[in-house]
Each structure stands twice: as structure tokens, then as C-alpha cells.
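Worksheet: one structure, shown below.
In the numbering used here, the protein residues as written are 157 to 423.
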């Protein structure tokens with residue numbers, strides 16, 4: 157049976173980055189979100205950071221009212237952010253690590269080390285009607301901790317893969333695929349994201365069982381030259397093509413395995 161179509165979540169943080177650089181009202185990330193939806197985005201991701209470097213509370217509140225798909229609110233595990241999520245009740249909340257000095261999120265959430273606070277956050281957000289995701293590295297211990305914390309969804313950090321090449325990238329891809337397989341066996345929904353672009357996304361989308369990819373910087377950068385709607389549509393085509401290629405490869409591997417079994421039984 158053909159798997160459900162992989163989804164594309166579009167992160168619009170960097171539209172807000174450009175706005176905040178000049179302190180103007182434009183470009184408006186809410187307008188960008190609506191354009192991305194028109195181009196085929198299955199959801200809109202925003203990260204409301206403690207230092208408010210890009211997305212603002214105003215953006216989150218407006219998006220909650222106007223989106224035709226769904227909002228995925230990325231946030232740190234803080235009382236301020238939990239209270240805001242309980243007020244706005246976005247469809248999805250992804251808990252992420254956050255440091256003021258970082259340019260972008262540098263790694264996954266340490267669910268093992270911060271288990272109690274994360275488990276309590278998962279409980280509060282679920283009570284508010286939000287589906288909770290934990291942004292983690294593809295490590296077995298973190299996956300197990302995510303299950304114990306009560307998160308129904310994880311998002312695997314693909315940043316390490318995106319920064320590697322050659323054999324090192326292949327090893328990280330294998331590690332990600334193993335993490336997806338393990339998480340699915342434990343009953344989790346598995347998303348992935350960070351550092352994905354038009355050159356590396358197909359290989360990640362080909363990993364069986366992935367539910368959604370969240371991509372921002374590459375799409376917004378391409379939009380400068382081709383427009384946002386085309387940039388989103390191009391990425392979505394690559395994501396779906398990658399999933400299709402992975403599905404065909406898994407079928408061929410399955411057939412090859414059965415042929416080997418048949419040969420061994422008749423040999």
C-alpha cells in the first residue's frame with residue numbers, strides 16, 4: 157500500500173527577520189504564510205524566540221486566526237511561552253532548545269536531561285488541545301525519553317546531515333533512517349527538519365515513514381529570485397519526488413529479498 161503523502165511545513169521566520177531589520181511593518185510574515193498556503197504548504201511554522209529577533213506575538217495571534225492549514229509554533233520550554241500557547245492554542249507546538257547567542261537552533265532538545273520540565277510541558281499543552289512535538293537529535297535515548305514524556309510527535313534534527321558530505325553524510329542519513337524506524341515502532345509520528353535545502357531534501361524525504369518536513373531558510377532565500385509561491389511549489393515537488401523514490405526503492409528491496417528467499421528454498 158502506498159504511504160500517506162509526506163507533508164511540507166514552511167517556516168516563515170526569515171520574512172520577519174527582514175522586517176525587524178528595519179523596524180517596518182513589511183514584509184509581513186502573515187501575508188507570506190497565506191501565499192505559502194496558496195502554493196501548497198501543508199502548514200506554517202514559526203519560532204517565537206525569547207529575544208523576539210523575528211516572529212512577534214502579534215504574528216502568532218494573527219496566524220492563529222487566518223491560516224487555512226495549521227500553525228506549528230516552535231518555542232522554548234518556559235512559563236511565558238507555555239502560557240502563550242495555552243492562550244492561543246495552536247494546532248501544533250514543537251518544543252525546541254533555545255540560546256540567545258545562537259544564530260539558529262544548534263541541536264536537539266535534551267529530553268533526558270530536562271525530562272521533568274518537558275513532561276510537564278507536554279501535559280499542559282495536551283490539556284490545551286495542542287499536539288506536542290519534541291525537536292530532538294536522532295539518538296535512541298532521546299526518542300525513548302520523548303515517549304515517556306508523553307509527546308505523540310518528534311521532529312528529528314537534520315542539521316548535522318545538512319552540514320556533511322560524502323561518506324559522513326551517508327552515515328548520518330543511515331542514523332536518521334534508523335531513528336525514524338525506531339520511533340515509528342514506538343508509536344510516534346516522525347517529522348524532520350533543519351538545514352534542508354533544494355539539493356539535499358530528496359534523500360531525507362525518501363526515508364520511509366516520515367510524516368512532515370519543516371523547511372524555512374532555503375525556501376525564503378530562493379523566493380528572493382523566483383518569488384515565494386514558486387519557491388514553495390518547487391520544494392514541495394522535490395519532497396514528494398523524494399518520497400516516491402524512497403517508496404520505489406523499498407519495494408525493489410522487498411522484491412529482491414523475496415527473490416533471495418525463493419532461490420534459497422529451491423537451491
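Where a beta carbon is used, it is the ideal one built from N, C-alpha and C, also for glycine.
Bear in mind that the values here come from a model prediction, so they are computed numbers and not experimental data.
When the beta-carbon positions are compared, residue 230 and residue 252 come within less than 7 Å of each other. Counting along the chain, the unbroken alpha helix (DSSP H) around residue 278 starts and ends at 271-283. Beta-bridge pairing by DSSP links residue 165 to 199, 370. Taking one beta carbon from each stretch, the segment 367-377 and the segment 325-336 have fewer than 3 pairs nearer than 8 Å; the two do not touch. In the pairwise beta carbon analysis, the segment 177-185 is classified as not touching the segment 391-405: fewer than three pairs are separated by under 8 Å.
Excluding the 5 residues flanking it on each side, residue 279 has same chain C-beta neighbours closer than 7 Å at 306, in chain order.
Sorting 246, 272, 292 by C-alpha distance to the C-alpha of residue 281 places 246 at the top.
When DSSP reads this structure, residue 310 sits in a beta bridge with 290, 346.
Under the three-state reduction of DSSP output, residue 386 falls in the helix class.
In the DSSP annotation of this structure, the continuous segment of the beta strand (DSSP E) that includes residue 229 starts and ends at 227-231.
At a Cβ-Cβ threshold of 7 Å, residue 267 and residue 290 count as neighbours. Proximity to residue 355 across 374, 365, 347 peaks at 374, based on C-alpha coordinates. Fewer than three pairs of CB atoms, one per stretch, sit closer than 8 Å, so the segment 356-365 makes no contact with the segment 294-310. For the pair residue 274 and residue 233, the CB atoms are nearer than the 7 Å cut-off.
DSSP, reduced to helix, strand and coil, places residue 204 outside both helices and strands of the structure shown, so it counts as coil.
The C-alpha of residue 293 is placed about 16 Å away from the C-alpha of residue 304. In the three-state reduction of the DSSP assignment, residue 249 falls in the strand class.
Per DSSP, the unbroken alpha helix (DSSP H) holding residue 243 starts and ends at 235-244.
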